[in-house]
Amino acid sequence: MLIALICLFALAASGGPPVPQVRQLWTTGLTERDSFALTADTVYLVRRSGLTAYDLATGAVRWRRDLPLPYSDLTSMRVTDGMVLLGGPPEFVTAPGFPSGAMAYPTELIVLDAATGADRWRAPGEVFDSTAGAVLLADRDAHGELHAMRLVGASDGVLRWTRPLTRALDVQTSPGRIVTTTAGEVTTYRHDDGTPLASRRIEASQDWVNSTTMVSGERLLVTRADPRGATITAYRLDDLAELWSRRTLRGAYVTECGPVVCLSSGAELSGLDAATGEPRWSSSGWAGVDVAGPGRLLAYSTADEPEHALMDAATGRLLGRPSPGWPTPAGGPDGPRTLIRASATDPDRSVVSRIDPAGGRIVPIGTVVSPAVGPCSGGGRFLLCRRPGDLVVTALTS
Numbered sequence: 001m002l003i004a005l006i007c008l009f010a011l012a013a014s015g016g017p018p019v020p021q022v023r024q025l026w027t028t029g030l031t032e033r034d035s036f037a038l039t040a041d042t043v044y045l046v047r048r049s050g051l052t053a054y055d056l057a058t059g060a061v062r063w064r065r066d067l068p069l070p071y072s073d074l075t076s077m078r079v080t081d082g083m084v085l086l087g088g089p090p091e092f093v094t095a096p097g098f099p100s101g102a103m104a105y106p107t108e109l110i111v112l113d114a115a116t117g118a119d120r121w122r123a124p125g126e127v128f129d130s131t132a133g134a135v136l137l138a139d140r141d142a143h144g145e146l147h148a149m150r151l152v153g154a155s156d157g158v159l160r161w162t163r164p165l166t167r168a169l170d171v172q173t174s175p176g177r178i179v180t181t182t183a184g185e186v187t188t189y190r191h192d193d194g195t196p197l198a199s200r201r202i203e204a205s206q207d208w209v210n211s212t213t214m215v216s217g218e219r220l221l222v223t224r225a226d227p228r229g230a231t232i233t234a235y236r237l238d239d240l241a242e243l244w245s246r247r248t249l250r251g252a253y254v255t256e257c258g259p260v261v262c263l264s265s266g267a268e269l270s271g272l273d274a275a276t277g278e279p280r281w282s283s284s285g286w287a288g289v290d291v292a293g294p295g296r297l298l299a300y301s302t303a304d305e306p307e308h309a310l311m312d313a314a315t316g317r318l319l320g321r322p323s324p325g326w327p328t329p330a331g332g333p334d335g336p337r338t339l340i341r342a343s344a345t346d347p348d349r350s351v352v353s354r355i356d357p358a359g360g361r362i363v364p365i366g367t368v369v370s371p372a373v374g375p376c377s378g379g380g381r382f383l384l385c386r387r388p389g390d391l392v393v394t395a396l397t398s
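For the sequence shown, full-length UniProt numbering begins at 1 and goes up steadily by one.
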C-alpha cells in the first residue's frame, strides 16, 4: 500500500504519465478511389456522397456539401490560400511526345471557400498558379498545347488580363513573372498585367518528354535530353541571357536546392553553383534529394525502400546516418519532417521516425498502422494513412 501511494504521489508530482509521441486519434471511411487534401488543421475528403471538411485534431465535421461536378469528372483537388480548387472534367488528347501517346487535362476550375464550402466561382481552363489575391489559368487546344492564359481575381474570378499563346507547352511562375515555353522559345511576362518582358529562341527537343524547364530563383534552367546524355542550360530571368551550360553523359534531373542547383545523374548527386554551373560538391550513391528546410537536403537512395540522410546544402556533407523509409510529406515549404518504414517485427505496423533538421539524427518515436495504399501524408502535427476502406488520423507530438 505504501509503495502504491509513493508511486501515486510521484506520478502526480511529475504531471502524469508522458503523452505518447505517436497517438491514433480517429478514423473515417475512405475508398481507394476517394481522395483528400490537407491544410495545417483540416482534411478535405472527396467521396461519391460529397465533399466533407474535418477538423484534424478531433474528427469533427466542419462542413459537408454535394460535389459541384460528377464524382468521376474530378481530376484534381488542392487547398490553398483559403480556397478549395477543384479541377475537371478531363479532356483526353493525342500527344505523340508522351510515352502513352495521349494526355489528359482538366477543362474547368471550380473554386470553393475553404472555411465554409460555399461556391466562389467557376471558369474554363486549367490552373497553373494561385495566390490569396489571384489565380492564373490557361486553355489548351485539341492537341493539348496552350493557346491562351489569363489572370483572374481569387475571390470572385473577375478577369484582370488575358494573353494569347502560340503552341506553349508549359507555364511557370516566379515572383512577379510568368514564364512560358514552347519547343524552341521562352517568353517572360509581367505577372500583374501580362506585359511581355523578354523572349528568346533556345535549343530544345521537339517533344514534351525530352525537354524540361524549371524556374530557380532568378534563373530559368532548361534540361534537354538526347541519346548520349543531357544538356542543362541556365538563363537569367530578367533578359533571358544565357549564363552557363553543362553537359552530362547520362540522363539528368535538376532540383532547386537553396544555395545550389542539385544535379542527379545515375547514382551521382552534385551541387552546382547557381551563378556559374560549376560543381561545389558531389556525393555518390544517391538518386536525388528533397529540400528539407533552410540549408538542408534529404538525400535518398535507389532502393525499393530508399535510405535517407540529411545533408548540408552548401557543402554536401552528410549530417547523420542513413535510415530507410519514406518521407512525409513528400514536399512542402519546410520539407520532410518524418520517415515511415515497415516494422521488422510486426507486418501490420510501420515505424515513425523524426528527422532532426540541425544534427541530422533520425530517431524512432513510435508506430502507426501500416498504410495499405501509398505512403502516409502529413508529417507535421498529424499523420494520415490509408487502410482498406478507412483513413486513419494520428497525432505526432514532439
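A virtual CB, placed ideally from N, CA and C, is assigned to each residue, including glycine.
Helix, strand or coil: which one does DSSP assign to residue 331?
In this prediction, residue 331 scores a pLDDT of 49, lower than 50, which makes its location untrustworthy; the coordinate-derived value is nonetheless stated afterwards. Coil at residue 331, not helix or strand.
Mapping DSSP to helix, strand and coil, what is residue 193?
coil
By a C-beta neighbour count over all protein chains shown, 10 Å radius and 16 as the cutoff for buried, is residue 290 buried or exposed?
buried
How should residue 371 be labelled, buried or exposed, when 16 other C-beta atoms within 10 angstroms of its C-beta is the threshold for buried?
buried
If you draw a straight line from the C-alpha of residue 358 to the C-alpha of residue 40, how long is it?
23 Å
Helix, strand or coil at residue 81 [DSSP, three-state]
coil
What does DSSP give as the partner residue(s) for residue 218 in the beta ladder?
Paired residues: none, contrary to the question.
Could you spell out the range, first to last residue, of the beta strand (DSSP E) harbouring residue 256?
253-257
Taking the runs of the beta strand (DSSP E) that are 3 residues or longer, which of them lie wholly in the region 371-398?
382-387, 390-396
Cross-strand partners of residue 281 (DSSP beta bridge):
271
If you draw a straight line from the C-alpha of residue 82 to the C-alpha of residue 189, how long is it?
26 Å
Residue 106, enclosing beta strand (DSSP E) - first and last residue:
102-106
At which residue ranges does the region 289-342 contain complete beta strand (DSSP E) runs of 3 or more residues, listed in the order of the chain?
296-300, 307-312, 326-328, 338-342
With H, G and I counted as helix, E and B as strand and the rest as coil, what does DSSP make of residue 139?
strand
Closest residue to residue 32 among 387, 398, 392, 395 (Cα-Cα distance)
387
Other residues of its chain near residue 251: CB distance less than 8 Å, five sequence neighbours each side excluded
225, 229, 230, 265, 266
Quick one: any contact between the region 159-179 and the region 135-148, if contact means 3 or more CB pairs under 8 Å?
yes
Residue closest to residue 296, alpha-carbon to alpha-carbon, out of 271, 303, 73:
271
C-beta atoms of residue 177 and residue 240 nearer than 8 Å:
no
Please classify residue 20: does DSSP put it in a helix, a strand, or coil?
coil
Could you check which residue in 144, 127, 375, 307 has the C-alpha nearest to that of residue 103?
144
Please identify the residue among 74, 109, 127 whose C-alpha is closest to the C-alpha of residue 121.
109
Determine whether the beta carbon atoms of residue 219 and residue 243 lie at a separation below 8 Å.
yes
Within this structure, are the beta carbons of residue 179 and residue 154 separated by less than 8 Å?
no
Nearest residue (CA-CA) to residue 367, options 393, 360, 374
393
With distances taken Cα to Cα, identify the nearest neighbour of residue 354 among 279, 347, 328, 369.
328
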